[in-house]
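4 protein chains.
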Amino acid sequence: MVNVAIIGATGYGGVELIRLLGSHPEVNLAYLHSESYVGQRVCDVCPHLPWVKAELRPLDPEAVARECQYALLSVPAGKTLELVPKLLDQGVRVIDVSPSFRLRDPTLYPEWYKFEHPHPELLAEAVTGIPEWHRERIVSARLVAATGCYTAAALLALAPLVADGLIEPADIVLDGKTGVSGAGRTSLKLAYHYPEADEDASAYSVGGHRHLPEMLQGLQALTPSKVGLAFAPHLVPMTRGILLTAYLAPTGGAAAETLRASLARRYQDELFVHLLPSGVWPHTKWTAGTNHCFLAVGTDRSTGRAVLVSALDNLGKGMAGQMVQCLNVMLGLPETTGLGMPAAYP
Amino acid sequence: MVNVAIIGATGYGGVELIRLLGSHPEVNLAYLHSESYVGQRVCDVCPHLPWVKAELRPLDPEAVARECQYALLSVPAGKTLELVPKLLDQGVRVIDVSPSFRLRDPTLYPEWYKFEHPHPELLAEAVTGIPEWHRERIVSARLVAATGCYTAAALLALAPLVADGLIEPADIVLDGKTGVSGAGRTSLKLAYHYPEADEDASAYSVGGHRHLPEMLQGLQALTPSKVGLAFAPHLVPMTRGILLTAYLAPTGGAAAETLRASLARRYQDELFVHLLPSGVWPHTKWTAGTNHCFLAVGTDRSTGRAVLVSALDNLGKGMAGQMVQCLNVMLGLPETTGLGMPAAYP
Amino acid sequence: MVNVAIIGATGYGGVELIRLLGSHPEVNLAYLHSESYVGQRVCDVCPHLPWVKAELRPLDPEAVARECQYALLSVPAGKTLELVPKLLDQGVRVIDVSPSFRLRDPTLYPEWYKFEHPHPELLAEAVTGIPEWHRERIVSARLVAATGCYTAAALLALAPLVADGLIEPADIVLDGKTGVSGAGRTSLKLAYHYPEADEDASAYSVGGHRHLPEMLQGLQALTPSKVGLAFAPHLVPMTRGILLTAYLAPTGGAAAETLRASLARRYQDELFVHLLPSGVWPHTKWTAGTNHCFLAVGTDRSTGRAVLVSALDNLGKGMAGQMVQCLNVMLGLPETTGLGMPAAYP
Amino acid sequence: MVNVAIIGATGYGGVELIRLLGSHPEVNLAYLHSESYVGQRVCDVCPHLPWVKAELRPLDPEAVARECQYALLSVPAGKTLELVPKLLDQGVRVIDVSPSFRLRDPTLYPEWYKFEHPHPELLAEAVTGIPEWHRERIVSARLVAATGCYTAAALLALAPLVADGLIEPADIVLDGKTGVSGAGRTSLKLAYHYPEADEDASAYSVGGHRHLPEMLQGLQALTPSKVGLAFAPHLVPMTRGILLTAYLAPTGGAAAETLRASLARRYQDELFVHLLPSGVWPHTKWTAGTNHCFLAVGTDRSTGRAVLVSALDNLGKGMAGQMVQCLNVMLGLPETTGLGMPAAYP
């Protein structure tokens, strides 16, 4: 058993971590932090968890370090910049799902997040939280930078094809659809007010969503050619789920079957990434509450482009599930530990 | 006042026509046909219309021709092949929203609809039901082929840019999202069962949706270059609405502003097509129950592609609203007659 | 044509008034007030109304009085207490949908709304905004107090039965279900955040909702016996709609048919209240965006209680539609003026 | 390890059983039956379970008996009448969630289900599947009749109060709201077509739902006084969840606190039934995918009636979860085995 802290335990990511780790056989939830609900018990803030009597505590990095070997951070962009070095210095291993340590190039932070990064050396050290691609480094990492939800869906789908040189890396079109829980629990904007978001579909952050530089970074590492990626995310009326549709230019006339073979090869031993049979397309509903990702690929009849679809749960494989999978890797456990439950369908 | 028949009055398109034409000042709903509910009154089948006591009648082309000058057909693909020539022969002007007369090239029917077209001469005569582009011919048309819902959204958005030569016509990517009412009222498939469609997003008919040849035909008419269009439609959990996101390669480095100017010029006098200010993106909710279409355009930061979004109601501008607008054109009335009510928001 | 002011034009009630009155043949929207968006145009705040260029103005009662003969007030409880007397003094006729003037008994305000009522004389003068029951007084009223949405649904359903002495007035059970738009546009509470309200049903304000004293007042006026009404409202995941189910103890063994006859008699000439055939139960979807109310009645098999169901749109007959209907009465117009459009179904 | 058969493995109840039992440490899913998909593998019918390769088999009671010690039946009313005696005769212990063996009194079957019951002796033997009330008999039962979803919610809420004589048993009003998955997977009725059920609330089976006799039977067993229960169920637009609101007449002026104390006493040691603090009301969303039931009680201000609310997942505690809990009891295991995962919130 290891002692684990959740920083930001009452946001949607944090509550999902409590759910997943609450029945994890090797984890003891030793420190649950909340900014808004300090002193209250989890069961008061989350009445659906009446048996979780643990008290929510303020942010005290020393106490975290005294009591825990691992810390899972689920707070907004920029909030963990100071905390992470303190935890690392005291020997706590950290998985941070904020964007604070995702980008390798420090100059991207002023451009995309409007702050100078105070710890560029940690950017070099942080390992991207996708075990399917980085588990060798995650095993011994001090700092894992879990990815954004769109990024997880995009990299799992596109990385094999870019790595195998099967698509033009400069000509990727990505259309994303997300459920509203991606907006988090604390940001009560009008756009997420039920009467506004219900029965509506719309595009947002067109041409420049913050997950874009992460996606580019992840793909660029796999090819010497310049990666170009046109991305527009959309809000659709559901709570959980990311559906990503990529329109790709196969190189050298590669058929959809060639692309499928590349994906099959890459993921044949993976337990959370599933390539669907030809003609079956993934549904986000299949992934709700899970760490699973479903992929499918086909060909467009008019242009010959390959069409690749990726589905996962933004709070699961796109967030808390990804973090637990990384924790399992760090602990040397089977990666499915605590992540075995399939989606409650329908 | 003219007498109008609705063929297929109890499907979603038909009921929407009853709604719109019920308060149209120049139309008398003289003949309401239904296959499934012959002999019942509209108010029995549609209890939300308790004041519509008219009886639903079987399909009798002679009676339609005796009693009506106009017929609006809202039945599935192929069902109107026999009916339309009969009505035309007897002097009835027809607006058909089925695909039966949409494609100019008869060889496309075996390929896309699995039947030989029995009346290729009518394919040559039929006018596409988009008044913004074809009103001069609709005025005097005997047969208007109303378009599919995706097609309406796509042509309104893309046609000006193709016509003005501002985008590479061979390199269009179109990502569609539709509400479930597009599946109609009679097709009770598992995919549209509430527990399946709710809280779910998925792709379908990837690479070869039946609206594709219509879209290609509409755009190809505007340019000598070959049009290529990669299209994947998606089902999202809402009842009404089409949102279409196009990723375009501007020619000669045309900026988004150039594209915007083209759209602005084309639609400045149109009452149902609205170009949004820069940075505002359309919501399908704005269009529910209406004949309006909203457009917006921007630039992708990574690739320089233009991103163009189009929103409309699949049962409105994508179906019944389009038909009523065409009817108004045929009648020489202001096109907004009977179509004035904005969306009930939220 | 009369000049009309909307006070609170950018809330959900206000926007619905703009929608309904925008095509009203006898109304000129002369003054549109907004607290949050002063100086902006309606089309900037409501991009789905691009043709409404009118500027939103601050609250200036003198200007309202100078420019308008009628004012429709759609702002929260208590906000109109000062405004209404000023408008009345200057000859403006007022329809106020806030609770400020709904209760006849001034002592109920401290109890239910936590303020002393400053104008008890106006409470005596105000007329309840249900034309089906009060149109004779509305015709000449200076001040109409439009009812709450639950109240409209409850009074239309229960009033005939209480008035005819067919049910035990002390033994009424009312179970309400509402869509989330009833919470308004400005109250961004966590409970109405899409991920919380979606896929959820819950009770709230159990045993003491603020609409209760209005309902009791409306029914008590019809019977010398003491009225007792157990009421629990529920939030269900939809945007519009109120569904109210009443469980009633018929007096003297009155059958459901007797109750039905009472309702039929009372509403046979009404254009907005529809009694359904036996065995057909109303759907809120039938009422979306309209001023219609549907009623149905049956008998419980185990207890012999009558079960009465009432459905309407909380923003329609429960708010803006009710106000427009009252305005029509005050103007001596047909009550359906501007309210003719049926629900966009589905 | 015991071998378990699921009869009806591809309906919503069956799929939920596969999900729950798939990770149950003491259960081997040895026989998966399906009527519609014989010969296909589970992963073909349920692509979200790509690792479940088991083949779906036809109904062969002898094979079931040869291979399994337990059979969980999840098929519609009446379908298990022949099967159950065969299985019992061969020593298989059965949990049947159909209504076939729920009612003690055989004369109720012709009245409510339109068939003569062929095995009245089994009606006497069958034990109601609510462990909180019947676990002593379930331990050794050959045949457990799992209850309907409304019945589970109603009995858990009302039974303590009836047993303790705290409410008038003849004067119970029960208002139910259910998600659409209660309609099952195979019944593709128009009422459950997404565009119809979405954004809608309606009552159905008013005054005589089939779960009524079960509820009456369960409560009548606890009191010598006649039980009377007015019940109207409603469909609301969500996939999972039952919310039941009971309006009760406390005896001898019992306060809500007295009722609360009765519930607290009864369920203090139960792990799946949770009494909420005063003023907190349950949400169905808290229960999605789980075997939990939440209860809360308060007082109506106008009539003094007690208001009691009960929430559970119709496919969980109302169906598959209930069956697994019963199985655990029969196996002598902790009742939470395989049922530990809390709801994925939100």
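Chains as they are written, first to last, in my numbering: chain A, 1 to 346; chain B, 1001 to 1346; chain C, 2001 to 2346; chain D, 3001 to 3346. All residues carry an ideal CB built from backbone N, CA and C; glycine is no exception.
**Asked** Is the shortest distance between the beta-carbon of T1284(B) and the beta-carbons of chain A less than 8 Å?
**Response** Answer yes: the Cβ-Cβ gap between T1284(B) and chain A drops below 8 Å somewhere.
**Message:** Under 7 Å, CB to CB, which of the residues in the region 1201 to 1215 of chain B have a partner in chain A?
**Reply:** Residues of the region 1201 to 1215 of chain B with a C-beta less than 7 Å from any C-beta of chain A: A1201, S1202, A1203, Y1204, V1206, G1207, G1208 and L1212, listed in chain order.
**Message:** Would you say L2188(C) lies against chain A (beta-carbon separation less than 8 Å)?
**Reply:** L2188(C) counts as touching chain A.
**Collapsed DSSP secondary structure at D3089(D) in the structure displayed** = When DSSP states are grouped into helix, strand and coil, D3089(D) belongs to the helix group.
**Message:** Between which two residues does the beta strand (DSSP E) holding S3310(D) run?
**Reply:** Per DSSP, the continuous beta strand (DSSP E) segment holding S3310(D) begins and ends at A3306 to L3312.
**Request:** Show which residues of chain A have a CB atom less than 8 Å away from the CB atom of Y1247(B).
**Result:** Taking a Cβ-Cβ threshold of 8 Å, the residues of chain A close to Y1247(B) are V173, D175, A230, A232 and Y247, in chain order.
**Prompt:** Between the C-alpha atoms of A3201(D) and L3235(D), what's the straight-line distance to the nearest angstrom?
**Reply:** Between the alpha carbons of A3201(D) and L3235(D) lies a distance of about 6 Å.
**Request:** Can you check DSSP and say which residues form a bridge with T3178(D)?
**Result:** According to DSSP, residue pairing for T3178(D) in a beta bridge involves L3235(D) and I3242(D).
**Item:** Interface flag, M2319(C) vs chain B, CB-CB below 8 Å
**Value:** With 8 Å as the cut-off, M2319(C) does not count as an interface residue toward chain B.
**Request:** Say whether chain C places a C-beta atom closer than 8 Å to the C-beta of H193(A).
**Result:** Yes, contact with chain C.
**Request:** Identify the continuous alpha helix (DSSP H) that holds T3258(D) and give its terminal residues.
**Result:** Element bounds for T3258(D): A3256 to Y3267.
**Prompt:** If we cut at 8 Å on Cβ distances, does S34(A) have a partner in chain C?
**Reply:** Chain C, which has no Cβ nearer than 8 Å to the Cβ of S34(A), makes this no.
**Request:** For W3281(D), decide whether its Cβ has a neighbour in chain C, counting only Cβ atoms nearer than 8 Å.
**Result:** Yes, W3281(D) lies at the interface with chain C (some Cβ there is under 8 Å from its Cβ).
**Asked** Shortest alpha-carbon distance to A2126(C) belongs to which of R2142(C), F2115(C) and E2132(C)?
**Response** For A2126(C), the nearest C-alpha among the options comes from R2142(C).
**Item:** Option in R2301(C), W2133(C) and P2118(C) with minimal Cα separation from H3209(D)
**Value:** When only C-alpha atoms are compared, the closest one is R2301(C).
**Item:** Neighbour flag for T3336(D) against chain B, beta carbons, 8 Å
**Value:** Closer than 8 Å: no.
**Prompt:** Does the region 3167 to 3182 of chain D come within contact of the region 3263 to 3271 of chain D, defined as at least 3 CB pairs closer than 8 Å?
**Reply:** Contact annotation: the region 3167 to 3182 of chain D does not touch the region 3263 to 3271 of chain D, with fewer than three C-beta pairs closer than 8 Å.
**Message:** Within the continuous beta strand (DSSP E) that includes I138(A), where are the two ends?
**Reply:** From DSSP, I138(A) is part of no beta strand (DSSP E) but of the alpha helix (DSSP H) over P131 to I138.
**Asked** Which of the three DSSP states, helix, strand or coil, is assigned to T2107(C)?
**Response** Residue state, collapsed to three classes: coil.
**Item:** T1151(B), enclosing alpha helix (DSSP H) - first and last residue
**Value:** First-last of the alpha helix (DSSP H) with T1151(B): C1149 to A1163.
**Asked** So the alpha helix (DSSP H) G1013(B) belongs to, where does it begin and stop?
**Response** Where G1013(B) is concerned, the enclosing alpha helix (DSSP H) starts and stops at Y1012 to G1022.
**Message:** Taking beta-carbon pairs under 9 Å, can you tell me which members of the region 1040 to 1052 of chain B lie near chain C?
**Reply:** Near chain C, meaning a CB-to-CB distance below 9 Å, the residues of the region 1040 to 1052 of chain B are D1044, C1046, P1047, H1048, L1049, P1050, W1051 and V1052.
**chain D contacts from the region 2298 to 2322 of chain C (Cβ-Cβ distance under 7 Å)** = Hits within the stretch, in order: G2298, T2299, D2300, R2301, S2302, T2303, R2305, V2307 and V2309.
**Item:** Among L1248(B), A1343(B), N1328(B) and S1278(B), the one whose alpha carbon lies nearest that of K1285(B)
**Value:** Residue A1343(B) is the option with its Cα nearest to K1285(B).
**Message:** Per DSSP, what are the beta-bridge partners of P1250(B) in this structure?
**Reply:** As a beta-bridge residue in DSSP terms, P1250(B) pairs with I1167(B).
**Prompt:** In chain D, what lies closer than 7 Å to P346(A) by C-beta?
**Reply:** Neighbours of P346(A) on chain D, chain order: Y3012, S3181 and T3239.
**Request:** Anything in chain A within Cβ reach of A2197(C), meaning under 7 Å, just list it in chain order.
**Result:** Simply Y194.
**Asked** So is L1276(B) in contact with chain C if we call contact Cβ pairs under 8 Å?
**Response** Taking CB atoms only, L1276(B) has a neighbour in chain C less than 8 Å away.
**Item:** Burial state of W1051(B) (16 or more Cβ within 10 Å)
**Value:** Exposed, because fewer than 16 other Cβ atoms sit within 10 Å of the Cβ of W1051(B).
**Request:** Grab me the residues of L1166(B)'s own chain with a C-beta within less than 7 Å of its C-beta, minus the 5 sequence neighbours each way, in chain order.
**Result:** Sequence-distant partners of L1166(B) (beyond 5 residues in either direction) whose C-beta falls short of 7 Å from its own C-beta, in its chain, are P1250, T1251, A1254, T1258, L1259 and S1262.
**Item:** C-alpha distance - K2114(C) paired with R3305(D), whole-angstrom precision
**Value:** Straight through space, the alpha carbons of R3305(D) and K2114(C) are spaced by roughly 25 Å.
**Message:** Strictly below 8 Å CB to CB, what residues from chain B border L243(A)?
**Reply:** At a C-beta separation below 8 Å, L243(A) has these neighbours in chain B: A1201, S1202, A1203 and H1234.
**Prompt:** Are there 16 or more other CB atoms within 10 angstroms of the CB of D3313(D), so buried, or fewer, so exposed?
**Reply:** It counts as buried.
**Prompt:** Which term fits S36(A), buried or exposed, when burial requires 16 or more other beta carbons within 10 angstroms of its beta carbon?
**Reply:** By the 16-neighbour rule on beta-carbons within 10 angstroms, S36(A) is exposed.
**Item:** Residue-chain proximity (R19(A), chain D), Cβ-Cβ < 8 Å
**Value:** It does: the Cβ of R19(A) has a partner Cβ on chain D nearer than 8 Å.
**Prompt:** Between the beta-carbon of V2075(C) and the beta-carbon of G2182(C), is there less than 8 Å?
**Reply:** Not closer than 8 Å, so no.
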